[in-house]
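Take a look at the structure below.
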Amino acid sequence: DVKVTQSSRYLVKRTGEKVFLECVQDMDHENMFWYRQDPGLGLRLIYFSYDVKMKEKGDIPEGYSVSREKKERFSLILESASTNQTSMYLCASSFFSYPEQYFGPGTRLTVT
Amino acid sequence: TQLLEQSPQFLSIQEGENLTVYCNSSSVFSSLQWYRQEPGEGPVLLVTVVTGGEVKKLKRLTFQFGDARKDSSLHITAAQPGDTGLYLCAGASRAGNQFYFGTGTSLTVIP
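Protein sequences, first through last, are from chains G and D.
All residue numbers for the first sequence refer to my numbering, where the first residue is 1 and numbers rise by one.
All residue numbers for the second sequence refer to my numbering, where the first residue is 1001 and numbers rise by one.
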């Protein structure tokens, strides 16, 4: 079974803090994705990566950066957290030419 | 603008009833996926449909891809409380390098 793990299920941070969200997959997938999910807005793509050290902006990259130093690990960084970044963050992975994505359990981030 | 529109947005039904959820777009997709997400968890892949007109069955769930590959439906027969969750459709572009998620249908099955 594909397994995607995320470093935290729940996280509470203060405004202005730097926040790291980590995601690890164990299926040798080339693609990795970061989404945020908000009520009424669905899943919105923040960044994705199709290879080590490669990254592409998604629909809402502002205020976020990513890092992919190893194939199995994809990190999302909030350089200076703001209250409007309070959300559910979902990581996913997939094989390069396959549309099926496998999701982690999510991190519910609250910025106060 | 949402590329994939799902309807209804919310659905609350009694155990044993049947229901259909729709996923519509004006764009053509190379494939379409359906996911179910339980509260506090990530989405879990249910099925992929690829061919126009294709029908796939997963126990009491029936998935259909439109002939023109622009829309899809999910039909649940004799719904059970365990079917409760958020149902998401997702489409892959014809080039296969872009993915779009619908806003979801939140289903509650009351025992």
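Ideal placement from N, C-alpha and C gives every residue a C-beta, glycine not left out.
Taking the CA atoms as reference points, glycine 1066 of chain D sits about 7 Å from glutamate 1054 of chain D. Within its own chain, the residues whose Cβ lies closer than 7 Å to the Cβ of glutamate 1015 of chain D, once the five positions on either side in sequence are excluded, are Ala1079, Gln1080, Pro1081, Val1109, Ile1110, Pro1111, listed in chain order. Contact of glutamate 100 of chain G with chain D by beta-carbon distance below 8 Å involves Gln1033, Leu1045, Thr1048.
Residues of the stretch 60-73 of chain G with a C-beta less than 7 Å from any C-beta of chain D: none at all. For the pair leucine 41 of chain G and arginine 108 of chain G, the Cα-to-Cα distance works out to about 16 Å. Taking 8 Å as the cut-off, the Cβ atoms of phenylalanine 48 of chain G and glycine 58 of chain G count as close.
Unbroken beta strand (DSSP E) stretches of 3 residues or longer found wholly inside the stretch 8-53 of chain G: 10-13, 19-25, 31-38, 42-49, given in chain order.
Each of G/Phe74, G/Pro39, G/Leu45, G/Ile60 was checked against the Cα of histidine 29 of chain G, and the nearest Cα belongs to G/Phe74. The three-state reading of DSSP puts asparagine 1018 of chain D in coil, since its state is none of H, G, I, E or B. Secondary structure at aspartate 1067 of chain D: coil, using DSSP grouped into helix, strand and coil. In the structure shown, glutamine 85 of chain G adopts helical secondary structure according to DSSP, grouped into three states. When the five nearest sequence neighbours on each side are left out, the beta carbons in the same chain lying within less than 7 Å of the beta carbon of valine 1049 of chain D are those of Ser1031, Leu1032, Lys1056, Phe1063, Phe1065, Ser1072, in order along the chain.
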